[in-house]
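Asks: According to numbering that gives the first Met the number 0, the sequence shown is numbered sequentially starting from 0.
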Amino acid sequence: MIRRINLVPLSERPRTQTDFGMLGLIVLALIVIAGIGLSYVYFNGVLTDRKRELEELQAQTSQARHELAALAEYEELGNQRRKATEVVEHIYAGRTLLSQTLGDLSLVIPKDVWLQQLSLTAGAVPPFSPGNEAAGSSGQESDMGTFSLAGTTYSFEDVATMLIRLEQIPSLRETKLDTASSAGGAGGSTSGTDSTAKSAKTFSIRADVVNTQPPDTPLPISQVLVTP
Numbered sequence: 000m001i002r003r004i005n006l007v008p009l010s011e012r013p014r015t016q017t018d019f020g021m022l023g024l025i026v027l028a029l030i031v032i033a034g035i036g037l038s039y040v041y042f043n044g045v046l047t048d049r050k051r052e053l054e055e056l057q058a059q060t061s062q063a064r065h066e067l068a069a070l071a072e073y074e075e076l077g078n079q080r081r082k083a084t085e086v087v088e089h090i091y092a093g094r095t096l097l098s099q100t101l102g103d104l105s106l107v108i109p110k111d112v113w114l115q116q117l118s119l120t121a122g123a124v125p126p127f128s129p130g131n132e133a134a135g136s137s138g139q140e141s142d143m144g145t146f147s148l149a150g151t152t153y154s155f156e157d158v159a160t161m162l163i164r165l166e167q168i169p170s171l172r173e174t175k176l177d178t179a180s181s182a183g184g185a186g187g188s189t190s191g192t193d194s195t196a197k198s199a200k201t202f203s204i205r206a207d208v209v210n211t212q213p214p215d216t217p218l219p220i221s222q223v224l225v226t227p
């Protein structure tokens with residue numbers, strides 16, 4: 000086989016030229032495509048993470064709403080308990096202590112005075128107005144109770160002493176002598192020969208009964224259970 004020999008001089012032979020512009024464009028296109036792919040993978044991962052975080056936040060928000068709903072029920076119960084306690088405190092402080100009035104009365108009756116009749120009533124508790132203690136204190140004197148008694152003694156001096164002593168009782172106001180008269184008959188025959196010569200004196204006294212407790216009288220919570 001005969002070998003072919005190129006007789007064209009090397010300087011005259013055509014040379015293949017590399018198109019660097021096209022090569023650069025291809026490389027740039029490959030870089031852009033690779034960047035787009037990497038960006039897609041990266042942002043897809045970020046999106047997945049954000050979706051996961053959103054689901055977790057939604058779950059936490061839902062749980063927090065349930066907890067807030069439960070706490071709202073407890074708050075409502077607390078408000079009801081507080082209002083009920085305020086009403087009980089108002090009633091407790093608005094009571095007229097008749098036992099204290101009777102106790103004071105037993106200390107001021109002169110020894111020569113006998114009670115024939117006694118009437119004692121307490122005034123109504125003033126209406127409850129939340130957050131207005133001043134109205135409660137003024138209402139304590141507007142709703143007064145009544146006090147009246149009728150008795151017998153040997154002298155009008157004892158009647159005057161009885162009247163003056165009743166004025167010293169804190170829960171009695173406007174103490175007045177209604178009637179005072181001489182019975183004209185012998186009285187106290189069982190007390191001795193000297194007493195039989197004395198004529199009996201009858202009298203009647205009336206007064207208003209007020210509550211002497213301050214509006215902020217503490218309530219014995221340990222002894223009172225308030226159920227909403």
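The C-beta atom is built at its ideal place from N, Cα and C for all residues, glycine as well. Keep in mind the model is a prediction, meaning the values are calculated, not measured.
Which of helix, strand or coil does DSSP assign to Ser61?
Replies: DSSP places Ser61 in helix when its eight states are reduced to three.
Asks: My output table needs one value for Thr84: the three-state DSSP class, helix, strand or coil.
Replies: In the structure shown, Thr84 sits in a helix (DSSP, three-state: H, G or I).
Asks: So, for Asp207: in the same chain, excluding its five sequence neighbours on each side, which residues have a beta-carbon less than 8 Å away from its beta-carbon?
Replies: Cβ neighbours of Asp207 beyond the five flanking positions: Met143, Gly144, Thr145, Phe146, Leu171, Arg172, Glu173.
Asks: Give the DSSP-derived three-state secondary structure of Asp103 in the structure shown.
Replies: Residue state, collapsed to three classes: helix.
Asks: Does any CB atom of chain B fall closer than 9 Å to the CB of Leu171?
Replies: The chain labelled as chain B is not found in the depicted structure, where only one protein chain is given.
Asks: With a CB to CB cut of under 7 Å and the five nearest residues on each side skipped, what residues in its chain are close to Gly150?
Replies: These residues qualify, in order along the chain: Val112, Trp113, Leu114, Gln115, Phe202.
Asks: Please identify the residue among Leu104, Arg51, Ala121 whose C-alpha is closest to the C-alpha of Leu148.
Replies: Looking at the Cα atoms, Leu104 is the closest of the given residues.
Asks: Mind checking who Val26 pairs with in its DSSP beta bridge?
Replies: In the DSSP output, where bridge partners are listed per residue, Val26 has none listed.
Asks: Return the bridge partner residues of Phe202 from the DSSP annotation.
Replies: In DSSP, Phe202 forms a bridge with Gly150, Ala179.
Asks: Between Tyr91 and the rest of its own chain, which residues show a CB-CB distance below 6 Å, the 5 nearest in sequence each way excluded?
Replies: Answer for Tyr91: Leu218, listed in chain order.
Asks: Could you compute how far the alpha carbon of Leu37 sits from the alpha carbon of Glu55?
Replies: Each residue's Cα considered, the two are about 27 Å apart.
Asks: Would DSSP call Asp111 helix, strand or coil?
Replies: Looking at Asp111 - three-state DSSP - the assignment turns out to be coil, as it is neither helix nor strand.
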